[in-house]
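Visitor:
Here it is in structure tokens:
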């Protein structure tokens, strides 16, 4: 007699692994309820200002070093003071775009896109491979945060069900 377990979900969970490196560099300024704070000074429990929910409690900060393709977004490229200084991001970091680019590139009023999709060679520039120390802010659910004046998406770190093979 064989056990009747084929195709059943046994309640196993895992964290959603990022598809590619994302996050912000050390020195990036994050908007919190306590003001603008460099990302490396944030701690779990800090209250981060978000576009989608007002504020969110930071669950954790995952810091890692990776060799990734980078994109530089020049100051003011995505709107007045957005970003408020030149910003380097990993090319896979999701950015909320709410200017003419959203309409031109995606046919929408606003859209999220990896930084590499915004490269135009003049205001958003591919920087090639770089070794970067990234800080990935993690919350119970994904949010849009303000980093150096940009609106960036964070990863959703809720446990997900693993499909049975």
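In my numbering, the protein residues as written are 408 to 572.
Glycine included, C-beta positions come from ideal geometry on N, C-alpha and C.
Note that the structure is predicted; figures quoted are calculated from it, not measured.
#1: Going by beta carbon distance, what residues of the same chain come within less than 6 angstroms of residue 538, once the five residues before and after it are set aside?
#2: Based on Cα-Cα distance, which residue from 448, 556 and 479 lies nearest to residue 532?
#3: In whole angstroms, what separates the C-alpha of residue 497 from that of residue 561?
#4: Are the Cβ atoms of residue 465 and residue 449 separated by less than 9 angstroms?
#5: Could you tell me the boundaries of the beta strand (DSSP E) in which residue 490 lies?
#6: Relative to the C-alpha of residue 504, which candidate in 429, 518, 488 and 468 has its C-alpha closest?
#7: In or out: residue 415 buried (at least 16 other Cβ within 10 Å) or exposed?
#8: Give the range of the beta strand (DSSP E) segment to which residue 437 is assigned.
#9: Where does the unbroken beta strand (DSSP E) through residue 476 begin, and where does it stop?
#10: Exposed or buried, which one is residue 555 when buried takes at least 16 other CB atoms within 10 Å?
#11: Could you tell me if residue 529 is buried or exposed, where buried requires 16 or more neighbouring beta carbons within 10 angstroms of its beta carbon?
Guide: In short, the structure shows the following:
#1: Residues of the same chain with a CB within less than 6 angstroms of the CB of residue 538, apart from the 5 flanking positions on each side, are 474 in chain order.
#2: Comparing Cα-Cα distances from residue 532 to each of 448, 556 and 479, the minimum goes to 479.
#3: Distance between the alpha carbons of residue 497 and residue 561 is about 13 angstroms.
#4: If you check the CB distance, residue 465 and residue 449 come in under 9 angstroms.
#5: Bounds of any beta strand (DSSP E) do not take in residue 490, whose DSSP letter is neither H nor E.
#6: Checked all of 429, 518, 488 and 468; the closest Cα to residue 504 is 518.
#7: Reliability of the predicted coordinates at residue 415 is poor, the pLDDT of 37 falling under 50, and the value obtained from them is presented with this limitation in mind. Answer is exposed; the Cβ neighbour count stays below 16.
#8: Residues 436 to 439.
#9: For residue 476, the uninterrupted beta strand (DSSP E) run begins and ends at 467 to 480, by DSSP.
#10: Counting C-beta atoms within 10 angstroms of its own C-beta, residue 555 has 16 or more neighbours from the protein chains shown and is therefore classed as buried.
#11: If you draw a 10 Å sphere on the C-beta of residue 529, you find fewer than 16 other C-beta atoms in it, and that means exposed.
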